[in-house]
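Engineer: In this text, residue positions in the sequence shown follow the numbering used here: the first is 7, and each later residue adds one.
By construction, the Cβ of each residue, glycine as well, lies at the ideal position given by its N, Cα and C atoms.
For reference, the structure I am asking about is given below.
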Amino acid sequence: MVNELMDENSWQWDREKLFDLFAYRTQMEIMAIPLSRIAGRDKLRWNENRGKTFSVKSAYQVALRLKQQSHVEHSTAAMDRPIWNKLWSLNVPPKVKTFIWRACSNILPTRDNLHRRKMQVEPRCGFYYQRSKTAEHVLWTCPFARNVLALCTGKIQKCSNAAIDFFSLFQLMVKRLSSNELEKWATVSWALWTARNKFYLEKIQWHPKQILGEAFGYLLEYQRLCAS
């Protein structure tokens, strides 16, 4: 039951239980869900119609929408295949590849995505409130990210600060960076996300040099292990 994952005294998620039961990604997604302090019974809601109640008609409309989305995705699959092949061929830890894929697919639990899913979350960046917290903002245009990326050497520094979305940003990086630089950028992006989660969940703020050092050290250790 969901209530078994909560600490009744502090009215927060029970982190020990979450760490024992779920993978890291699921832990982060669960802890990003705010808990209400209003006591009451849970209710089932169907958000696909105004009445919030399930009906065969609304389920049929959802099925049609998903089918149309699937058709659109498959129509661009052949065009985007070289980009995805480049991602999965990177010599980086598997969790970094998966993270970049999730960012490109816009399925990271950013505040913007959680807000659009009707969760009670402030959609703006927790560091700089004037911008929406999307994946491209968190990992590229946010001053917090720029402070870390400014410490990188090579072409990463010279890339434009603007980004339409994270997938477009990844396409740009594939074109401009060498494989070695692309692997560093991908790992730094993962480290940025980890550092932000530490700040939100544990109130620990890492220095930009520490974030960069953690990313490069993790990448170097993985590549040495693969080589041996």
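Quick check: the Cα distance between Lys215 and Arg152, rounded to an integer number of angstroms?
Structural biologist: As a working mapping, residue 215 is identified with position 209 in the sequence shown. As a working mapping, residue 152 is identified with position 146 in the sequence shown. Spanning the two alpha carbons is a distance of roughly 12 Å.
Engineer: Helix or strand or just coil, what does DSSP make of Asp13?
Structural biologist: Position 7 of the sequence shown, counted from the first residue, corresponds to residue 13. Looking at Asp13 - three-state DSSP - the assignment turns out to be strand.
Engineer: Check whether the Cβ atoms of Ala141 and Thr116 lie closer than 7 Å to each other.
Structural biologist: Taking the first residue of the sequence shown as position 1, residue 141 is located at position 135. Taking the first residue of the sequence shown as position 1, residue 116 is located at position 110. Yes, the Cβ-Cβ distance between Ala141 and Thr116 is below 7 Å.
Engineer: For the putative contact between Trp196 and Val102, defined by C-beta atoms under 8 Å, what is the C-beta separation to the nearest angstrom?
Structural biologist: Here residue 196 is taken as the residue at index 190 of the sequence shown, counted from 1. Here residue 102 is taken as the residue at index 96 of the sequence shown, counted from 1. Contact holds; Cβ gap of about 5 Å.
Engineer: In terms of DSSP beta bridges, what is Gln18 paired with?
Structural biologist: Taking the sequence shown and counting its residues from 1, one reaches residue 18 at position 12. DSSP output for Gln18 lists Asp13 as bridge partner(s).
Engineer: Rounded to whole angstroms, what's the CA-CA distance from Val62 to Glu54? Just pull it up for me.
Structural biologist: Here the question's residue 62 lines up with position 56 in the sequence shown. Here the question's residue 54 lines up with position 48 in the sequence shown. Approximately 11 Å, taken between the alpha carbons.
Engineer: Report the option in Ala69, Trp107 and Ile113 whose CA atom is closest to the CA atom of Asp86.
Structural biologist: Here the question's residue 86 lines up with position 80 in the sequence shown. It is Trp107.
Engineer: Starting from Ile54 and walking both ways along the alpha helix (DSSP H), at which residues does that stretch end?
Structural biologist: By 1-based counting over the sequence shown, the position of residue 54 is 48. According to the sequence displayed, residue 54 carries Glu and not Ile. That residue, Glu54, is in no alpha helix (DSSP H); it is neither H nor E in DSSP.
Engineer: Using C-beta distances below 7 Å, list every residue in its chain close to Ile39, excluding the 5 sequence neighbours before and after it, in chain order.
Structural biologist: Along the sequence shown, read from residue 1 onward, the residue named residue 39 stands at position 33. Result list for Ile39: Met125, in chain order.
Engineer: Can you tell which of Arg56, Trp52, Trp17 and Arg51 has the C-alpha that lies nearest to the C-alpha of Met37?
Structural biologist: To locate residue 37, count along the sequence shown from 1; it is residue 31. That would be Trp17, whose Cα lies nearest to the Cα of Met37.
Engineer: Excluding five sequence neighbours on each side, which residues of the same chain lie with their C-beta closer than 7 Å to the C-beta of Cys110?
Structural biologist: Locating residue 110 in the sequence shown gives position 104, where the first residue counts as 1. Cβ within range, chain order: Phe172, Phe173 and Phe176.
Engineer: Alpha carbons only, please: which of Ile170, Asn97 and Cys148 is nearest the one belonging to Arg230?
Structural biologist: Within the sequence shown, residue 230 is the residue found at index 224, counting from 1. The shortest C-alpha separation from Arg230 is found at Asn97.
Engineer: Can you check whether the CB of Ala221 is closer than 7 Å to the CB of Trp212?
Structural biologist: Position 206 of the sequence shown, counted from the start, is the residue given in the question as residue 212. Position 215 of the sequence shown, counted from the start, is the residue given in the question as residue 221. No, these two residues do not count as a Cβ contact at 7 Å.
Engineer: For Lys215, does the three-state DSSP call read helix, strand or coil?
Structural biologist: By one-based count along the sequence shown, residue 215 stands at place 209. If DSSP states are grouped into helix, strand and coil, Lys215 belongs with the helices.
Engineer: Tell me whether His80 sits in a helix, a strand or coil according to DSSP, three-state version.
Structural biologist: As a working mapping, residue 80 is identified with position 74 in the sequence shown. At His80 the pLDDT is 46, less than 50, meaning the model places this residue with poor confidence and gives no usable figure here.
Engineer: On the three-state DSSP scale, how would you describe Leu157?
Structural biologist: Your numbering for residue 157 matches position 151 in the sequence shown. Looking at Leu157 - three-state DSSP - the assignment turns out to be coil, as it is neither helix nor strand.
Engineer: Quick one: is Ile113 buried, meaning 16 or more other Cβ sit within 10 Å of its Cβ, or exposed?
Structural biologist: Indexing the sequence shown from 1 puts residue 113 at position 107. By the 10 Å Cβ count, Ile113 comes out exposed.
Engineer: Return the Cβ separation of Leu198 and Leu145 in integer angstroms, given the expectation that the two are a contact with Cβ distance under 8 Å.
Structural biologist: Within the sequence shown, residue 198 is the residue found at index 192, counting from 1. Within the sequence shown, residue 145 is the residue found at index 139, counting from 1. Going by Cβ atoms, the distance from Leu198 to Leu145 rounds to 6 Å, so yes, they are a contact pair.
Engineer: For Phe25, name the three-state secondary structure that DSSP assigns.
Structural biologist: As a position in the sequence shown, residue 25 is number 19, starting the count at 1. Phe25 falls in the helix class under three-state DSSP.
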